[in-house]
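Novice: Numbering (my numbering), first residue to last: 1 to 161. Glycine included, C-beta positions come from ideal geometry on N, C-alpha and C. Structure in structure tokens, see below.
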Amino acid sequence: MPQKQVHTGHRLPLAYNLFFLILEPASALVGAFYAHLRQPQYLHLLDASSSPTAPPRGTSVVMSQLASMYLFFALNEAVVLRSTADMRVWRALLLVLLLADFAHLYALRQLGPRIYYDVTTWGAAHVGNVLWVYVGAILRLCFLAGVGMGGATTPPPSKKQ
């Protein structure tokens, strides 16, 4: 049985296309690169005071698993969203990624509450792990709330004569 496709009836705002289809997947690939191939640097950028010079084997395995999750995130967002105009799929995927944003931010809690707001203490990893996640979460919330979408997201049904 063929599946019914629901189209938007209009083009998505440039900000959504640019962020969800290009910028965020690319940044997740950068995260995957550092988490897998530059583990000591990644750990040092995240928390210099506790980073080992050479990560223990268990930490290295976990870092490579993190890299695979960054890769999954990038591919899921870039490929799935490019493959459909069905707004139900877009909303479902972006809702799941919003939940992942909150989990990602929660994972930083051991760095102390200032990690969430004190930009004067942020390094490159904090910009990627905090500010960039804030931007993604805000754009996902805006998308899910219909900001910039201009009314109905599906065309009216056609009438048969």
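Which residues in the same chain have their Cβ closer than 7 angstroms to the Cβ of Phe-73, if we skip the five residues on either side of it in sequence?
Specialist: Ala-28
Novice: If you count every other CB in all the chains shown that lies within 10 Å of the CB of Asp-118, and 16 or more means buried, which is it?
Specialist: exposed
Novice: Can you tell me which of the three DSSP states Ser-64 falls into?
Specialist: helix
Novice: Roughly how many whole angstroms lie between the Cα atoms of Pro-52 and Val-133?
Specialist: 26 angstroms
Novice: Quick check: what's the CA-CA separation for Ala-26 versus Ala-48?
Specialist: 25 angstroms
Novice: Quick check on Phe-102: buried or exposed, where buried means 16 or more other Cβ atoms within 10 Å of its Cβ?
Specialist: exposed
Novice: Taking only the alpha-carbon atoms, compute the straight-line gap between Ser-64 and Gly-128 and give it to the nearest angstrom.
Specialist: 18 angstroms
Novice: Would you kindly work out how many angstroms separate the C-alpha atoms of Val-80 and Arg-114, rounded to a whole number?
Specialist: When rounded, the distance between both Cα atoms is 35 angstroms.
Novice: Quick test of your reading: Gln-39 and Pro-56, contact by CB under 8 angstroms. State the CB separation rounded to the nearest angstrom.
Specialist: Contact flag wrong, Cβ pair sits at about 10 angstroms.
Novice: According to DSSP, is Thr-120 part of a helix, a strand, or is it coil?
Specialist: helix
Novice: Just checking my contact of Trp-122 with Val-135 at CB under 8 angstroms: how many whole Å lie between their CB atoms?
Specialist: The pair is not a contact, with the Cβ atoms about 14 angstroms apart (cut-off 8 angstroms).
Novice: Measure the alpha-carbon distance for Val-89 versus Gly-148 and round it to whole angstroms.
Specialist: 18 angstroms
Novice: Identify which residue in Arg-11, Leu-139, Gln-110 and Ala-32 has its Cα closest to the Cα of Met-69.
Specialist: Ala-32
Novice: Could you give the residue range of the alpha helix (DSSP H) that holds Val-96?
Specialist: Element bounds for Val-96: 87-107.
Novice: My understanding is that Ala-67 touches Ala-35, with C-beta atoms under 8 angstroms, so please give their C-beta distance in whole angstroms.
Specialist: Indeed they touch by this definition, with Cβ atoms about 4 angstroms apart.
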